[in-house]
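End of the sequence shown sits at 342 in the numbering used here; the numbers just go up one at a time, nothing left out.
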Amino acid sequence: MSSKFPSPIGGIPYPHDFAPALVFTILYALLAPIAAWRMIVKSSRSLVILGTVIFTVERIADFAIRAAEAEKPNIRTTSFFVGWLQNAYGMGYLSMAMDLGNLARLFVANALLSSPATAPSVIPPPPIIPFTGDWEEEQPLTMAGGPRGDASSSYSKLPLTEHVPFGDEAHLRVVFKRMKIVMLVLRLTALFPAITSGSIFFYGTKSPTIALIVQLTRYGSALVVLVSQFLVLGLVLWALQTRPQRTPRKPALYLLAMISVVIIPTVYRLAAMRSYTLSLTAMGPGSMNGPTAKALFYTFHIAPEWISGVMLLAVNVKNMFGVTTTGH
């Protein structure tokens with residue numbers, strides 16, 4: 015008797031997958047020229063969105079393969095195509111999520127640290143009035159505010175400096191440098207399990223031990239991605255709440271919207287991963303092959319990825335978020 019193994023995310027393509035697969039092939043094909051334009055034109059080129067650009071091109075191949083599998087039963091369950099699609103779904107949303115995380119970190123860092131260091135604005139001394147004997151003789155000894163005293167004593171009561179608010183906060187530089195390292199560690203921690211789970215998924219259908227490794231690695235990858243997404247979401251919200259005068263509001267809200275959209279596939283994956291099946295071609299509950307399961311897959315995994323990609327590529331990230339070509 016066969017043992018259960020984790021159900022493939024998105025199931026195995028059947029004829030009812032052909033239409034949505036074709037639709038998303040076309041949608042990503044329409045998005046690809048915009049992605050290429052962003053990297054070709056110097057004014058909008060930035061390595062921050064490189065992962066999303068590659069993801070956009072790859073998705074064309076992914077859905078073309080899915081559409082072909084839907085029409086050709088003989089290739090649906092081959093190890094190559096099963097592994098390809100599971101790798102694609104496990105790493106695609108990850109690339110976009112990490113791009114947005116890096117963009118959020120750079121946006122907040124540039125907003126809070128790009129201004130000059132806090133420097134006191136010295137109040138200029140009062141104008142020097144040339145001394146003349148006649149002026150001294152003609153002026154009264156008292157003035158409207160009281161007895162005329164030493165000019166230096168009156169001036170000493172004025173504030174000597176006026177601090178410029180929201181100067182460059184040195185302690186934040188250390189925080190953002192450490193956050194850069196943390197984000198890199200999270201990216202690698204999510205990437206390697208995702209590659210592992212997709213690469214060995216097919217073999218997990220035949221071995222309970224490998225099936226367990228598949229389940230643990232894909233859960234681990236998704237959880238790390240979710241943690242990183244909430245981390246950058248909180249970072250942007252913190253900047254808006256504590257430094258509202260220095261954090262550009264519209265770009266921040268746009269960034270929050272993109273991150274929120276790409277969180278949806280992560281949550282969907284975590285919910286779908288609890289499903290197990292006895293066969294890749296099974297149609298029963300938990301197999302991820304039924305029409306309802308496929309509708310949920312396209313609605314909560316694929317559509318949010320495309321929407322988030324459109325939002326990111328539709329704007330010039332260099333102008334909107336203040337990042338550089340090299341991603342600084």
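We put the CB at the ideal spot given by N, CA and C, even for glycine. Only a predicted model underlies this, so the values are computations on that prediction, with no experimental measurement involved.
Around the Cβ of residue i, are there at least 16 other Cβ atoms within 10 angstroms (buried) or fewer (exposed)?
i: VAL188; result: exposed
i: ILE26; result: buried
i: LEU267; result: exposed
i: PHE244; result: exposed
i: VAL241; result: exposed
i: TRP98; result: buried
i: ARG52; result: buried
i: THR306; result: exposed
i: ASN88; result: exposed
i: PHE94; result: exposed
i: LEU108; result: buried
i: ILE79; result: buried
i: GLY3; result: Examination of residue 3 is not possible in this model, given that the chain is present from 15 through 342 alone.
i: ARG201; result: buried
i: ARG73; result: buried
i: LEU327; result: buried
Does DSSP put residue i in a helix, in a strand, or in coil?
i: TYR28; result: coil
i: PRO258; result: coil
i: PRO20; result: strand
i: THR338; result: coil
i: ALA271; result: helix
i: ARG122; result: The sequence as given places Val at residue 122; Arg does not occur at that position. Correct three-state label for VAL122: helix.
i: ASN333; result: helix
i: ALA328; result: coil
i: PRO34; result: helix
Are the Cβ atoms of residue i and residue j separated by less than 7 angstroms?
i: PHE346; j: ALA208; result: As shown, the chain starts at 15 and ends at 342. That puts residue 346 outside it, with no answer to give.
i: THR210; j: THR231; result: yes
i: SER322; j: MET272; result: yes
i: ALA81; j: VAL67; result: no
i: VAL337; j: VAL329; result: no
i: VAL238; j: LEU269; result: no
i: SER21; j: THR291; result: yes
i: SER289; j: GLY300; result: yes
i: PRO265; j: PHE335; result: yes
i: PHE216; j: VAL96; result: yes
i: THR70; j: LEU44; result: no
i: GLY218; j: TYR103; result: no
i: LEU117; j: VAL62; result: yes
For residue i, which residues from the same chain have a beta carbon less than 6 angstroms from its beta carbon, with the 5 sequence-adjacent residues on both sides left out?
i: ASN101; result: GLY212
i: ALA253; result: VAL122 and THR261
i: SER235; result: ALA204, PRO207 and ALA208
i: THR339; result: ARG59 and SER60
i: HIS315; result: PRO279 and TYR282
i: GLN229; result: PRO20
If I measure Cβ to Cβ from residue i and keep anything under 7 angstroms in the same chain, skipping five residues before and after, which residues do I get?
i: PHE77; result: ALA35, PHE38, THR39 and TYR42
i: MET193; result: ARG119
i: ASP31; result: ARG80, ALA84 and LYS308
i: TYR28; result: ALA84 and ASN303
i: ARG90; result: ILE26, PRO27 and GLU83
Under 8 angstroms Cβ to Cβ from residue i, same chain only, skipping five residues before and after it: list those, please.
i: VAL276; result: TYR107, MET110, ALA111, LEU114, GLN243, PRO318, GLU319 and SER322
i: SER274; result: LEU247
i: MET325; result: TYR268, ALA271, MET272 and VAL275
**Message:** Quick check for students: name the residue ranges of the alpha helix (DSSP H) that lie wholly in the segment 208-242, counting only runs of 4 or more.
**Reply:** 215-218
**Request:** Would you mind listing the alpha helix (DSSP H) stretches within the segment 43-111 that are 4+ residues and don't spill past its ends, in chain order?
**Result:** 64-85
**Message:** Could you tell me which whole alpha helix (DSSP H) segments of length 4 or greater appear in the segment 275-324?
**Reply:** 305-311
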